[in-house]
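Just so you know, we're using full-length UniProt numbering here: the sequence shown kicks off at 1 and counts up by one. Right, one structure below, let's go through it.
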Amino acid sequence: MLAENLQSMAIAPKSVVSKATPTLNNPLRATIDEEPPASVICLSPAETQQVGLWTTCFGTFLTAILDWKVHAANNQRTQDTLWILRPQHGGKWALESLRRTYLKADAETSSAGQKSMVDGSALFTIILLGCNDTIMIRSAKHGTFLCAYSKDYMGMDRRWDYDGSRPTRFRVFLNGDTLLPQPQFPFPRHRVLLRHGATKTVLGISSHNPHQVALYDATTNWVTNKSCQWTLLPNDPWYNAFHLKSSNGMWLKIGTNSVTMDATNQDPATHLWVILLEAPSKVSLSFAGERLSYLSVRDTMANGTQSSESGHQVVTRNEIEPTSQSETFEFVVVPE
């Protein structure tokens with residue numbers, strides 16, 4: 001019954017915008033940096049909201065039990081199936097049970113358990129999947145994924161859930177409703193702008209070379225610029241990662257320590273991207289490989305390299321730098 005009602009129970013986030021503030025639909029045409037970011041997940045890290053993590057494969061909930069273990073149970077809305085997602089530094093999260101214990105990952109035994117404090121084994125990244133309303137929970141230390149091996153056993157798995165055969169997908173529930181919105185996110189086949197808040201820039205295509213990416217000033221009034229509009233397309237049939245397609249028909253591609261554009265998206269080894277949740281409207285974009293490589297922005301003037309349109313450059317990094325927010329982006333939806 002729960003699975004049949006998922007779509008009817010889903011709730012989409014609503015952005016509250018002041019009527020005095022010009023928006024993309026307003027003739028005053030606000031600059032991009034004034035536009036409210038799209039809410040990625042209906043969960044405020046400032047609030048201690050209790051959630052249930054529901055496995056899509058077996059229809060069971062992640063459950064904290066005695067003896068510092070976790071397993072999967074059919075019971076919903078019990079004290080043992082409720083968790084609090086605690087944001088940490090660098091786009092990482094800790095999952096706290098109502099027992100005041102924390103989910104941990106053990107790489108040697110491929111098992112999941114509980115511990116009394118947050119350390120490296122209790123830090124996770126939350127990956128938003130291309131099937132719109134599910135997530136994967138990845139150990140930030142070991143790179144393994146929380147997985148339901150059976151209806152009652154939870155563990156950690158090293159493989160991506162490419163074909164759906166590995167039950168590593170979860171839905172997040174709050175008071176009987178899914179936290180993640182309906183298929184509006186990640187806005188499949190809807191145009192979005194990818195804004196980098198720390199530098200007030202927007203990711204786009206270079207005006208000098210269509211095979212190069214560039215960053216444009218988000219404080220200027222040019223919201224109709226097609227070169228900065230993207231479509232996020234779930235990778236069919238795996239539904240695990242995304243292709244990012246520019247309005248000029250080119251595809252975002254990862255290279256050796258660089259990001260470029262390609263005329264095709266035939267090579268999944270270079271064109272697949274995943275979205276990692278940092279906060280309700282903050283995300284990081286990472287290449288979907290065994291080792292995460294993050295989309296990042298650096299100051300070209302400070303590094304003595306050639307300046308782009310905005311004086312910043314798009315690069316890749318092997319880790320998130322939380323203080324500079326170089327890997328933190330926001331989505332701004334372009335109205336139809």
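All C-beta atoms in this analysis are idealised placements derived from N, C-alpha and C, irrespective of residue type, glycine included.
Buried or exposed (CB count within 10 angstroms, at least 16 for buried), residue i
| i | result |
| --- | --- |
| M117 | exposed |
| W68 | exposed |
| E278 | buried |
| P335 | exposed |
| S326 | buried |
| T305 | Because the pLDDT at T305 is just 39, under 50, the model does not fix this residue reliably, and the value given afterwards should be weighed accordingly. By the neighbour-count rule (16 or more Cβ atoms within 10 Å), T305 is not buried but exposed. |
| E108 | exposed |
| T144 | buried |
| R191 | buried |
| S258 | exposed |
| H71 | buried |
| H211 | exposed |
| L272 | buried |
| V332 | buried |
DSSP beta-bridge partners of residue i
| i | result |
| --- | --- |
| H312 | D299 |
| I137 | I126 |
| E330 | R195 |
| R159 | None, per the DSSP bridge assignment. |
| K253 | T260 |
| I32 | DSSP lists no partner for I32. |
| residue 365 | Any answer about residue 365 is impossible in this case: the structure gives the chain only from 1 up to 336. |
| G52 | F173 |
| T270 | Answer is none; T270 lacks a bridge partner. |
| A241 | DSSP lists no partner for A241. |
| A148 | M154 |
| F58 | BP columns for F58 are empty, so no partner. |
| S227 | None; S227 has no bridge partner. |
| P234 | F242 |
| S286 | V274, Y294 |
Of the listed residues the options, nearest to residue i (C-alpha basis)
| i | options | result |
| --- | --- | --- |
| I320 | Q88, G255, L252, S121 | Q88 |
| I127 | S121, G120, I135 | I135 |
| T264 | V333, S246, A122, V51 | S246 |
| Q266 | P322, F124, M250, I65 | M250 |
| C57 | A148, F287, A241, R158 | A148 |
| P234 | K92, I275, T31, L95 | I275 |
| E330 | T316, R317, S284 | S284 |
| A94 | D106, W83, L123 | L123 |
| A73 | L85, S111, Y153 | Y153 |
| N248 | V202, S227, F242, P322 | S227 |
| A241 | F287, P322, S111, N318 | F287 |
| L193 | T260, L174, L244, P167 | L244 |
Cα-Cα separation between residue i and residue j, rounded to whole angstroms
| i | j | result |
| --- | --- | --- |
| K151 | A38 | 35 Å |
| R169 | H312 | 36 Å |
| S139 | S207 | 39 Å |
| G155 | Q114 | 12 Å |
| S324 | A198 | 7 Å |
| T231 | Q49 | 32 Å |
| T270 | T328 | 21 Å |
| N75 | T60 | 8 Å |
| T78 | V51 | 11 Å |
| R195 | V314 | 12 Å |
| G120 | N225 | 43 Å |
| S296 | E34 | 22 Å |
| T101 | L252 | 41 Å |
| A214 | G204 | 5 Å |
| residue 337 | A218 | For residue 337 there is no data in the structure shown, the boundaries of the chain being 1 and 336. |
| K200 | R298 | 12 Å |
| R171 | I137 | 11 Å |
| L146 | D262 | 33 Å |
| residue 403 | K141 | As displayed, the chain neither begins before 1 nor continues past 336, which places residue 403 out of reach and without an answer. |
| T316 | L129 | 21 Å |
| S293 | T81 | 33 Å |
| K220 | K104 | The question names Lys, but residue 220 in the sequence shown is Thr. Cα to Cα, the separation comes out at about 45 Å. |
| G255 | T55 | 34 Å |
| A3 | T63 | At A3 the pLDDT is 36, less than 50, meaning the model places this residue with poor confidence and gives no usable figure here. |
| V16 | K282 | The predicted position of V16 is uncertain, since its pLDDT is 30 and thus under 50; a value taken from the coordinates is nonetheless stated next. Distance between the alpha carbons of V16 and K282: 17 Å. |
| L53 | G91 | 19 Å |
| T125 | N209 | 35 Å |
| L66 | R99 | 10 Å |
| I84 | P322 | 21 Å |
| Q229 | S110 | 41 Å |
| T31 | Y216 | 12 Å |
| F173 | R86 | 16 Å |
| P36 | N318 | 29 Å |
| V202 | P167 | 36 Å |
| T260 | A112 | 38 Å |
What are the uninterrupted segments assigned as beta strand (DSSP E) that are 3 or more residues long and contained completely in the region 60-123, given in chain order? 61-65, 69-73, 83-87, 93-97, 102-106, 111-115
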